[in-house]
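Protein chains in written order, with this note's numbering: chain U, 2 to 415; chain P, 79 to 455.
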């Protein structure tokens, strides 16, 4: 045991002397988490997207088109859309260069056609390189279209009156007959207000998740969701790097020399696996500490999380012990290790949240340590004990260890 | 002339060694294809492959208005599931309370609980929400129009609201004619990302190993000069990037109907980008002597450049400040140029700036890499 601890201590000192690779592998998840957080963190309450650049072309310049244009001028819409009013030629030129998400074109004769109760078409020219924002503009215009259609039909008599007046000279308008018409319109407005004030049907939005969760998503929540996936991915990379000694000792002839001492193969194997485990746990905890201090990530009950981290680091050390017992040399380990880690991470949810993945990807993800660690961390954030994750990682880790030790003994004895 | 021949020979040997590596095709083809499929499905959109947003409706209403309102919500592209109790799992859910009809008939305002599961697609949620507002607007419009008198009898027969105003969506003239598929977005992004990863890792590690093992030194015993050796190594790494892009584009064309716009111009963009990455790999490989450090730095650079450059997610959702910072990423310029070709059917004039920036970067990196290029440690 003393010899095992001596080797372990020596390994730790050796890796601390040349820490750059490990430091870089620790920077990557933190940098990626920070970037994802900056991009996807909710900016203002109720507005998850940056303002959408919209070009507005009013070829009509009539009453109805001005009403439509002014609908973009209310505070809520100003937060959502960044509107530039322009003419059609300039707008088309800009859209051809992808300078806005969408261009709304109000056609010539829009007001008159509406007053005549004729169907009219609003054109939404969409930026083909964008996948989401142009559809938001189109759907907003669809909602406006329903409201305009309703308003025109609700006030069809008044609309006809306005239409008739538009054809008259100002001095020929029969002002004295307009009084009763305004009276009728007023009654309709009063009747409509029964449905509009308060709104007959409104929506009360809320965000839900597992029991005990906070209702509002904050940047810290986002970091907390992203960082465990990134951390476990780079834990795999780091432990792989640390445990490559199992091969390099053999290739460099150090193993042969070490075996001339009273050191037993099992002690050497134990020290290497324990080294991967302990150092893996340490780097994981450094990432966790950084996430807590810089990103203000809440991990849930720390005892639970520490337990999960210990088991995950153990699994990783056991896996790479077996891996290094099976591969022939460092080149093969380098060539196969990274693809395996990336495949684990891709399917396991480190690169993309499992619920966003196709079902087949999700099914494969169940056999990866990433998935169990991420699921476990999510449960702990909700204050729950990650029993399933712990059992799966611990049992599969023990099986890997049971397979790795005899295989490594054969390699060490050579 | 002989010098050129020697450069080509050394580059060809390097290329053959890299392609001969068993894992080469995993990195250049298999793994990028997994990415393409994953992100392609994620970005899949619109007419080509309609995205269906899910909405669960808990209809507890004891009257007839609940069913009527659900009818107003239903539309292609929205998968509405009606239940009488809150399901265990859902992405979005709306509850029609027991007194939904009673309140409408009494003309009393009410707010419907609309629940969105945290972490579910915000794009789908926005679509569902918009549709709910449209349904509300339509229902209220019909009530204002025809809802005089007893509303209990309203549903027995009434005229429907006419859609006087309709919205027509289209793309700008001389751009795309069909809605771009998710793969049109994911293939260029994945290609750019993996050119960075492959060229930087393979290129950097192999030049470092050749130097440490004395292979570079031994090569100088041949008629090769140091300059020729540098150019040969640069050429080999550039060819790796080009080869990878060609393979992914061919796979994209055959299996995913990839639309690249002008293929020669797309290859020009890739060529200039790959040259910049080849020079960067020589720079990194010449400065660093540890394999793990080169791999770590390459992964860090490739991931940060890819994320900033719009390889992972659409740049449209990125805050304006991050979009400005993204200009430091070579991937940003390459992606911007490929977008102009793919989605706007652009010509050379449309991508001249982007190609110019990448060419300038390639020139600077080549000079710097040439300065730090070492034959021995």
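Don't be surprised by glycine CBs; every beta carbon is placed ideally from N, CA and C. Just so you know, these numbers come straight off a predicted model, no measurement behind them.
Where residue i meets chain P, residues with beta-carbon distance less than 7 Å
| i | result |
| --- | --- |
| residue 381 of chain U | Going along chain P, no residue has its Cβ under 7 Å from residue 381 of chain U, so there is no contact; the nearest lies around 16 Å. |
| residue 362 of chain U | 116 |
| residue 140 of chain U | 205, 208 |
| residue 133 of chain U | 201, 392, 394, 395 |
| residue 26 of chain U | 374 |
Beta-carbon spacing of residue i, residue j below 9 Å
| i | j | result |
| --- | --- | --- |
| residue 383 of chain P | residue 118 of chain P | no |
| residue 377 of chain U | residue 348 of chain U | no |
| residue 289 of chain U | residue 300 of chain U | yes |
| residue 336 of chain P | residue 272 of chain P | no |
| residue 324 of chain U | residue 341 of chain U | yes |
| residue 142 of chain U | residue 105 of chain U | yes |
| residue 75 of chain U | residue 102 of chain U | no |
| residue 249 of chain P | residue 129 of chain U | yes |
| residue 237 of chain P | residue 223 of chain P | yes |
| residue 145 of chain U | residue 66 of chain U | no |
| residue 4 of chain U | residue 264 of chain U | yes |
| residue 339 of chain U | residue 394 of chain U | no |
| residue 407 of chain P | residue 386 of chain P | yes |
| residue 281 of chain P | residue 309 of chain P | no |
Chain U residues whose Cβ lies nearer than 8 Å to that of residue i
| i | result |
| --- | --- |
| residue 417 of chain P | 99, 130 |
| residue 112 of chain P | 344, 347 |
| residue 223 of chain P | 151, 154, 155 |
| residue 216 of chain P | 147, 151 |
Beta bridge counterpart(s) of residue i as assigned by DSSP
| i | result |
| --- | --- |
| residue 205 of chain U | P/191 |
| residue 83 of chain U | U/54 |
| residue 170 of chain P | P/194 |
| residue 1 of chain U | Because chain U here runs from 2 to 415, residue 1 of chain U falls outside it and cannot be looked at. |
| residue 247 of chain P | U/125 |
| residue 132 of chain P | P/157 |
| residue 137 of chain P | P/174 |
| residue 149 of chain U | Bridge partners of residue 149 of chain U: none, in fact. |
| residue 200 of chain U | U/197 |
Selection from the options that minimises the alpha carbon distance to residue i
| i | options | result |
| --- | --- | --- |
| residue 135 of chain P | P/225, P/91, P/149, P/158 | P/158 |
| residue 20 of chain U | U/290, U/326, U/384, U/242 | U/242 |
| residue 373 of chain P | U/18, U/68, U/29, U/189 | U/29 |
| residue 126 of chain U | U/93, U/302, U/282, U/118 | U/93 |
| residue 63 of chain U | U/78, U/85, U/116, U/137 | U/116 |
| residue 218 of chain P | U/201, U/304, U/295 | U/201 |
| residue 286 of chain P | P/452, P/417, P/165, P/247 | P/452 |
| residue 278 of chain U | U/317, U/306, U/309 | U/317 |
| residue 340 of chain P | P/419, P/179, P/114, P/434 | P/419 |
| residue 241 of chain P | U/58, U/380, U/118 | U/118 |
| residue 98 of chain U | U/409, U/141, U/413, U/131 | U/131 |
| residue 259 of chain P | P/347, P/96, P/338 | P/338 |
| residue 154 of chain P | P/146, P/205, P/180, P/406 | P/205 |
| residue 151 of chain P | P/132, P/141, P/350, P/140 | P/132 |
| residue 295 of chain U | U/260, U/120, U/225 | U/225 |
| residue 275 of chain P | P/89, P/91, P/102 | P/102 |
8 Å Cβ cut-off: residues of chain P touching residue i
| i | result |
| --- | --- |
| residue 81 of chain U | Those within 8 Å of residue 81 of chain U in chain P number zero; the least Cβ separation is about 11 Å. |
| residue 150 of chain U | 219, 239, 240, 241, 242, 243 |
| residue 336 of chain U | 99, 100, 101 |
Within chain P, partners of residue i - CB distance below 9 Å
| i | result |
| --- | --- |
| residue 34 of chain U | Residues of chain P passing the Cβ test: none, with the nearest at roughly 11 Å. |
| residue 29 of chain U | 374, 377, 378, 381, 382 |
| residue 244 of chain U | Correct list: empty, because the minimum Cβ distance to chain P is about 12 Å. |
9 Å Cβ cut-off: residues of chain U touching residue i
| i | result |
| --- | --- |
| residue 468 of chain P | This structure cannot speak to residue 468 of chain P, because chain P is shown only from 79 to 455. |
| residue 452 of chain P | In chain order: nothing, as chain U lies at least about 18 Å away. |
| residue 120 of chain P | 353, 357, 358, 359 |
Where residue i meets chain U, residues with beta-carbon distance less than 7 Å
| i | result |
| --- | --- |
| residue 398 of chain P | 51 |
| residue 211 of chain P | 144 |
| residue 106 of chain P | Neighbours of residue 106 of chain P on chain U: none; closest Cβ ~12 Å, over 7 Å. |
Legend entry - Residues from the stretch 188–200 of chain U in contact with chain P, defined by Cβ distance under 9 Å: Listed by position along the chain: 189, 192, 193, 195, 196, 197, 198, 199, 200.
Legend entry - Near-chain P residues of the stretch 102–119 of chain U - C-beta to any C-beta below 7 Å: Listed by position, the residues of the stretch 102–119 of chain U near chain P (Cβ gap below 7 Å) are 102, 115, 118.
Inset, instruction - Taking only beta carbons into account, state which residues of the stretch 331–343 of chain P come closer than 9 Å to chain U, listed in chain order. - result: none
Inset, instruction - May I ask you to list, following chain order, the residues of the stretch 133–164 of chain P that have a beta carbon less than 9 Å from some beta carbon of chain U? - result: 147
Legend entry - chain P contacts from the stretch 65–81 of chain U (Cβ-Cβ distance under 8 Å): Within the stretch 65–81 of chain U, contact with chain P at the beta-carbon level (separation under 8 Å) is assigned to no residue.
Legend entry - Members of the stretch 226–238 of chain P near chain U, C-beta cut-off 8 Å: 226
Inset, instruction - Give, in chain order, every residue of the stretch 246–273 of chain P whose Cβ lies closer than 9 Å to some Cβ of chain U. - result: Per Cβ criterion, the list reads 246, 247, 248, 249, 250, 251, 252, 253, 254, 257, 258, 260, 263.
Inset, instruction - Scan the stretch 175–195 of chain P for residues whose Cβ lies nearer than 7 Å to a Cβ of chain U and list them as they occur along the chain. - result: From the stretch 175–195 of chain P, only 182, 185, 187, 188, 189, 190, 191, 192, 193, 194, 195 have a Cβ closer than 7 Å to chain U.
Legend entry - Under 8 Å (Cβ pairs) to chain P, residues found in the stretch 311–341 of chain U: 335, 336, 337, 339, 340
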